[in-house]
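In my numbering, the protein residues as written are 222 to 539.
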């Protein structure tokens, strides 16, 4: 989402103001605003006092951005190691679908909810983690911004102090903006230092503006889910979070719909059907998009192309 005139020249907006808004939306947590969710992840590892010898369990198929954010501080590993103890685990609630944890109690749990639309009033901690990550671009369509929800206020204070010690995130904001149209900028953005300071002022204004619209965003997502299946929307609503994609198991003759030349440009993806970590079971699925960029009309086109009827329950969600 591009910045509006209000974002560029509006009244001043502080991180403290945005965090206060987040606290009213999700009162069971102590939120800390960062320039991105991956910056928040790096900060969490630093605040925990971890370093290169510490192993962080990371889901297989994690993006290079996640791996780099962890590798700035620790060592990411996709299997439970025999060479040493796991210090922390990044449990990914992929597309808003909750994954349980079977890690031992001494492992710090960081819940990755970057693409989960959290319903206002719900808890960001679906499985009792110490921290939860949230991406404002993925959930609310902002240009930048990430949130670390903390279970304990003292951890939040430490994160804010670490954020304040870093330089401006203006360069990262520029690289992210240009990465949409420039391969060179994308290369630098993906390899840029993960942890920098606060969001620049226009991006803070945009973040607050979009947070104020979260009730509308939530209702639009629920409406789209109800259009597919009333029972499905109710089941997600009970979890306190709404998905950005529904993982579908498709016959091979339908899979051409997913890909650069299909109706769904994202293509097929790997999904943990075990819904637990670290004992994962990854299968290839077709993500049915239900996020903010998808209209009911476009969703109808996808179903028509698959010769399915919306609300027919003929499709197989894993």
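By construction, the Cβ of each residue, glycine as well, lies at the ideal position given by its N, Cα and C atoms.
Given residue i as reference, the closest of the options once Cα atoms are compared
i           : options               : result
residue 275 : 281, 291, 364 and 283 : 291
residue 519 : 491, 484 and 495      : 484
residue 381 : 353, 254 and 468      : 254
residue 341 : 462, 310, 300 and 265 : 462
residue 478 : 451, 525 and 449      : 525
residue 501 : 492, 248 and 507      : 492
residue 256 : 497, 449 and 384      : 384
residue 228 : 476, 244, 504 and 428 : 428
residue 300 : 517, 249 and 498      : 498
residue 238 : 454, 419, 280 and 308 : 419
residue 344 : 322, 252, 266 and 293 : 252
residue 372 : 366, 313 and 349      : 349
residue 332 : 516, 354, 425 and 326 : 354
residue 377 : 244, 224 and 523      : 244
residue 505 : 516, 285, 517 and 472 : 472
Residue i burial status per 10 Å Cβ neighbour count (16 or more: buried)
i           : result
residue 528 : exposed
residue 306 : exposed
residue 356 : buried
residue 264 : buried
residue 230 : exposed
residue 226 : exposed
residue 451 : exposed
residue 235 : exposed
residue 261 : buried
residue 431 : buried
residue 521 : exposed
residue 280 : buried
residue 454 : buried
residue 285 : exposed
residue 434 : exposed
Simplified DSSP assignment, three categories, for residue i
i           : result
residue 230 : helix
residue 368 : strand
residue 380 : helix
residue 471 : coil
residue 432 : helix
residue 414 : Legend: pLDDT at residue 414 = 48, less than 50; position of this residue unreliable, no value from coordinates given.
residue 462 : strand
Problem set entry | Secondary structure, alpha helix (DSSP H): runs of 4+ residues fully inside the segment 476 to 531 | 517 to 526
Problem set entry | Continuous alpha helix (DSSP H) assignments of at least 4 residues falling wholly in the segment 282 to 366 | 285 to 292 and 357 to 361
For this session: Would you check if there are 3 or more beta carbon pairs closer than 8 Å linking the segment 330 to 338 to the segment 359 to 375?
Result: yes
Exercise. Which whole runs of the beta strand (DSSP E) in the segment 236 to 279 are 3 residues long or more, in chain order?
Worked result: 251 to 255 and 276 to 278
For this session: State whether the segment 309 to 324 contacts the segment 463 to 471, with contact taken as three or more CB pairs (one from each stretch) at a distance under 8 Å.
Result: yes
For this session: Determine, using beta-carbon pairs with one atom in the segment 438 to 453 and one in the segment 509 to 518, whether at least three such pairs fall under 8 Å.
Result: yes
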